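Everything below concerns the one structure shown next.
There are 2 protein chains.
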Amino acid sequence: MLPLHLQPESHIPLYVQLRDQLRALVHTGELRDGDRIPASRELAGQLGVHRTTVANAYAELESEGLIRGHVGRGTFICGKPPRQFSPPPRSNGHGGATRWESLFADDRGDEALARLLPDIPPGAIAFTCVRPPESHYPVEEFRRCANAVLRKEGRRILQLGSTDGYEPLKRGLLEMLEREGLSVRNEQLLITDGCQQALDLICKAFLRPGDSVAVENPAYPGAPAIFIGARVRILPVSVETDARRTGYAGISLDALESVLLQNRVKFIFATPDFQNPTGTALPLAQRRQLLEIAAHYQVPIIEDAIYSRVRLRGTALPTLKALDRTGNVIQIDSFSKISFPGLRVGWAIGAESAIERLRLVKLATDLHTDQLAQATLAEFLRRGVLARHLGKMKKLYLHRLEAMEAALAKHMPDGTTWTRPDGGMSVWVTLPAGLDATELLIHVRERGVYFIPGRTFYSQNPQPNTIRLSFGSLDEKEILRGAQIIGDQLRIELRKRQRGERHNGMSRVALV
Amino acid sequence: MLPLHLQPESHIPLYVQLRDQLRALVHTGELRDGDRIPASRELAGQLGVHRTTVANAYAELESEGLIRGHVGRGTFICGKPPRQFSPPPRSNGHGGATRWESLFADDRGDEALARLLPDIPPGAIAFTCVRPPESHYPVEEFRRCANAVLRKEGRRILQLGSTDGYEPLKRGLLEMLEREGLSVRNEQLLITDGCQQALDLICKAFLRPGDSVAVENPAYPGAPAIFIGARVRILPVSVETDARRTGYAGISLDALESVLLQNRVKFIFATPDFQNPTGTALPLAQRRQLLEIAAHYQVPIIEDAIYSRVRLRGTALPTLKALDRTGNVIQIDSFSKISFPGLRVGWAIGAESAIERLRLVKLATDLHTDQLAQATLAEFLRRGVLARHLGKMKKLYLHRLEAMEAALAKHMPDGTTWTRPDGGMSVWVTLPAGLDATELLIHVRERGVYFIPGRTFYSQNPQPNTIRLSFGSLDEKEILRGAQIIGDQLRIELRKRQRGERHNGMSRVALV
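Chains as they are written, first to last, in the working numbering: chain P, 11 to 522; chain C, 11 to 522.
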């Protein structure tokens with residue numbers, strides 16, 4: 011075991027402590043050239059920290075040239091350039107089966123993303139889904155759109171297309187954005203296979219291994235998954251979830267500025283509208299301030315606007331891109347939340363030079379986005395079906411959000427708090443300190459209720475007593491029943507604690 | 011200028027020469043810590059070599075820790091760990107417009123890929139296209155398939171789907187593969203957004219910056235573009251195009267073995283069936299030998315099978331995957347060449363552990379492939395329309411191939427040779443030594459004829475006197491007329507040379 015001692019209470023981030031202690035061990039000679047150090051997963055387990063903490067420390071040390079990963083063999087201290095390669099001895103010419111595991115490039119960050127899609131038995135009450143419910147899809151109108159475009163322009167749709175997007179869809183999107191108050195030129199718009207791909211393209215175009223990105227913590231795990239996969243360091247920025255305490259909800263500007271002061275940061279990743287998982291929306295003044303901070307530190311922003319059109323009450327706020335005067339923001343967006351996630355169509359808006367770069371990267375990634383989906387969505391937009399459909403869905407979501415709030419107020423025990431989103435599809439619930447959402451899930455699952463424990467969304471310092479409850483796919487009755495089951499179980503857990511039952515796992519967690 | 015002297019005639023690859031000379035300059039102290047060295051593009055220009063040569067040398071030196079790229083600043087000699095970061099001085103809080111160019115992660119290899127899609131004026135004779143001609147698309151039958159699946163399973167199609175693929179399409183593909191003699195389990199098949207994405211996912215899952223991949227040279231530029239973008243080193247392996255001289259056509263097994271002997275190689279990328287651009291198909295004995303070599307050196311193979319179903323004459327050969335007994339091959343394939351490139355649907359077949367890894371990487375890349383395209387293609391396959399359509403297209407392509415061969419025999423001057431493909435969509439033409447295809451293109455373009463100069467397909471040692479002529483999109487008359495125009499121009503160029511006209515650019519090239 012390495013002599014490492016991390017102090018969770020310290021103001022110094024855990025990964026910085028770990029990085030500095032490992033560096034010191036090399037400098038004092040306790041770790042030497044060629045020494046193997048534990049895999050990030052293993053060391054995280056030993057230290058009782060999140061794997062991202064270790065991964066971040068290793069990424070820094072690797073970029074300094076102090077350690078070096080050898081796929082399939084492990085991570086090693088590296089003072090000298092690696093030895094020359096000598097070919098393997100001539101064998102019998104018939105090697106055995108390939109051990110693919112030994113070839114994996116690295117541990118990747120997709121696990122959290124995979125956890126967002128648990129197997130849910132039929133009939134369960136699943137607070138897990140942030141996808142529009144298919145029961146309300148206007149399939150017949152969509153089918154007519156598909157028919158119309160295949161009749162009118164079938165050959166063009168089925169032939170190889172343009173990397174920047176299918177022209178009628180681009181035109182329709184530019185008009186929609188114009189109506190919403192955002193003037194964008196054709197050269198500033200790139201069609202992608204959804205937000206996830208937009209982020210992947212940005213990562214490829216602009217980020218190198220060892221670069222750093224400031225990311226909301228908690229955040230949608232799809233963003234960290236991409237950065238971790240590209241060996242980009244994630245600098246977590248906390249999210250204010252209690253506006254009464256801090257004056258606003260959304261990405262913490264103090265935390266952000268502190269990260270920008272202490273690190274060379276290549277991008278800020280932020281979701282000002284109905285952030286997943288917290289549901290928070292950054293107020294206008296803080297949006298302006300965020301842009302000013304970014305401009306001051308000369309760090310561009312990736313704005314995830316995927317929920318910006320899913321505002322259910324209150325007045326719409328301009329997106330960061332709409333407020334951006336310097337071309338500092340790349341906005342990524344998608345049809346997933348406003349229409350159908352089964353069609354993988356999204357877009358990115360940014361300065362012309364940035365979009366041109368992303369276009370070249372997309373060309374090498376998948377040539378272009380599927381044109382049948384693009385053409386049909388263009389028609390869906392052109393006929394006004396999208397706007398009508400979204401209007402109906404927003405009414406439905408609002409009823410469900412109100413039912414969610416009523417159910418929480420009715421069933422949650424004292425000491426439980428939750429965010430008050432004006433849009434999106436999720437409420438973020440904080441249980442009384444010491445309770446563990448994963449433990450809670452084990453119990454309520456037996457009664458047919460599912461949710462995503464909040465820890466899934468953290469890239470650092472996961473809060474075990476948080477929960478994401480998504481309401482978009484459940485009707486009012488299911489929401490009420492689900493909240494009641496969660497509330498009942500919470501009361502049981504709280505009583506156990508009061509009785510001082512020390513043999514219970516959840517109580518143990520409370521003592522740590 | 012750095013004191014570098016490369017010898018193109020040497021048996022030592024140019025990038026190895028460059029790498030060793032740069033390393034020596036550091037060791038002798040002529041290059042010191044912090045010294046800036048030219049960008050790869052710049053140095054390539056100075057040395058008169060291909061940029062990939064410099065990029066490969068730099069990639070090796072970087073993986074040795076001897077040089078280090080700083081985005082926006084350049085590449086530097088690096089003996090010591092980089093200096094600590096200090097934050098920028100507090101400015102006026104209103105930075106100017108973002109200079110996105112300064113943020114690009116690196117020079118990427120997409121240019122060659124972009125050159126494959128030149129702007130062609132209407133009415134031109136374009137030997138540039140390897141896409142199926144849209145004039146023959148069975149749009150009406152396709153539209154009926156789209157209608158049927160949207161009627162039957164519209165909600166499921168439009169809802170978020172499974173990362174490994176839409177189940178009815180996977181089932182259909184497994185049945186098709188079974189009929190073709192390849193037994194694959196569901197867990198060994200991943201649906202992707204085409205071959206290009208399959209390669210991108212493989213790159214993310216298995217390759218790290220500085221890793222090496224053996225790639226056919228010349229090759230379809232989409233493969234090198236992905237590897238270069240991921241800072242993976244490309245080790246070019248020559249392709250035999252003259253079976254009469256070497257006994258077979260296709261990837262050179264001698265060259266491959268020599269690359270595997272001298273380098274630690276992570277993957278072999280090969281296209282045994284109707285390789286783009288050369289049209290060569292590796293004979294059965296050489297396929298077996300390729301698998302043996304790969305097994306001996308324990309290097310897995312990525313098999314690009316995109317043209318394997320576009321065999322126009324002769325007997326079909328088993329793919330590498332069909333011959334693979336050890337799980338050493340990942341085969342990538344697509345609907346692009348057998349149906350419609352505008353739908354981005356392809357697949358990868360491999361060992362279960364490899365496919366599971368690719369699935370997780372795909373989840374983080376774009377969640378899943380568009381389901382409307384998947385479902386419609388599944389129906390297109392199920393109804394037998396795909397097989398009928400492909401049968402018709404193959405007849406059409408065969409006529410065009412025969413017309414191409416007749417036209418070349420009739421119009422090409424002596425000293426011109428070309429491959430005799432039995433499938434695919436391209437013939438590879440080698441002009442008399444000393445002629446330059448780019449120069450030729452400038453002249454024939456004026457007469458409305460377009461082709462892709464062969465140099466576009468090389469990652470090293472481009473042969474300026476090679477041409478890819480793709481016949482799939484042209485009718486017999488256009489092919490004959492186009493070949494005549496090319497032949498006429500070639501005769502003009504040859505006469506110029508005979509007259510000893512030294513002022514002409516093409517002749518100058520001939521003297522080098």
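Glycine included, every Cβ here is placed at the ideal spot set by N, Cα and C. What you are looking at is a predicted structure, and each value in this text was computed from that prediction instead of being measured.
CA-to-CA distance, residue j to residue i, given in whole angstroms
i      : j      : result
T440/C : V242/C : 30 Å
L4/C   : A215/P : This structure cannot speak to residue 4/C, because chain C is shown only from 11 to 522.
V159/C : V149/C : 15 Å
E177/C : T375/P : 24 Å
L170/C : I201/C : 15 Å
G324/P : L187/P : 20 Å
H409/C : A107/P : 43 Å
A240/P : I47/P  : 21 Å
Q56/C  : G84/C  : 17 Å
D30/P  : V223/C : 35 Å
E151/P : A49/C  : 54 Å
R505/C : R166/P : 43 Å
V249/C : P293/C : 13 Å
Simplified DSSP state of residue i, which is helix, strand or coil
i      : result
R100/C : In this predicted model, R100/C has a pLDDT of only 45, less than 50, meaning its place in the structure is not dependable; the value taken from the coordinates is given anyway. It is coil, neither helix nor strand.
D343/P : strand
L127/C : coil
A332/C : helix
V194/P : coil
G497/P : helix
A67/C  : helix
Y468/C : coil
I87/C  : strand
G164/C : helix
Y317/C : coil
R505/C : helix
Y307/C : coil
Selection from the options that minimises the alpha carbon distance to residue i
i      : options                        : result
A54/C  : L41/C, F86/C, G44/C, L12/C     : L12/C
A358/P : L266/P, I312/P, R154/P         : I312/P
D43/C  : Q285/C, L76/C, P328/C, I342/C  : L76/C
V64/C  : L330/C, L373/C, L16/C          : L16/C
I477/C : G434/C, R509/C, K487/C, W428/C : W428/C
L333/P : L300/P, A364/P, Q31/P, N227/P  : L300/P
L183/P : Q27/P, A295/P, V275/P, Q384/P  : Q384/P
Y307/P : N475/P, V269/P, L500/P         : V269/P
P132/P : Q499/P, Y460/P, H60/P, R505/P  : Y460/P
L179/P : P246/P, F390/P, R109/P         : F390/P
Cutoff 9 Å: residue i Cβ touching any chain P Cβ
i      : result
D203/C : yes
A364/C : yes
V5/C   : This structure cannot settle anything about residue 5/C, because the visible part of chain C is limited to 11 through 522.
W110/C : yes
K3/C   : The structure shown does not extend to residue 3/C, since chain C spans only 11 to 522, so no value can be given for it.
T336/C : yes
G84/C  : no
Y147/C : yes
L377/C : yes
S346/C : yes
A156/C : yes
T329/C : no
E313/C : no
L382/C : yes
V526/C : It is not possible to answer for residue 526/C, since the shown part of chain C is limited to 11 through 522.
L16/C  : no
CB contact below 9 Å: residue i versus chain C
i      : result
L370/P : yes
K180/P : no
G232/P : yes
Residues of the region 402-413 of chain P whose Cβ lies closer than 9 Å to any Cβ of chain D, in chain order: The structure shown has no chain D; the protein chains it does contain are P and C.
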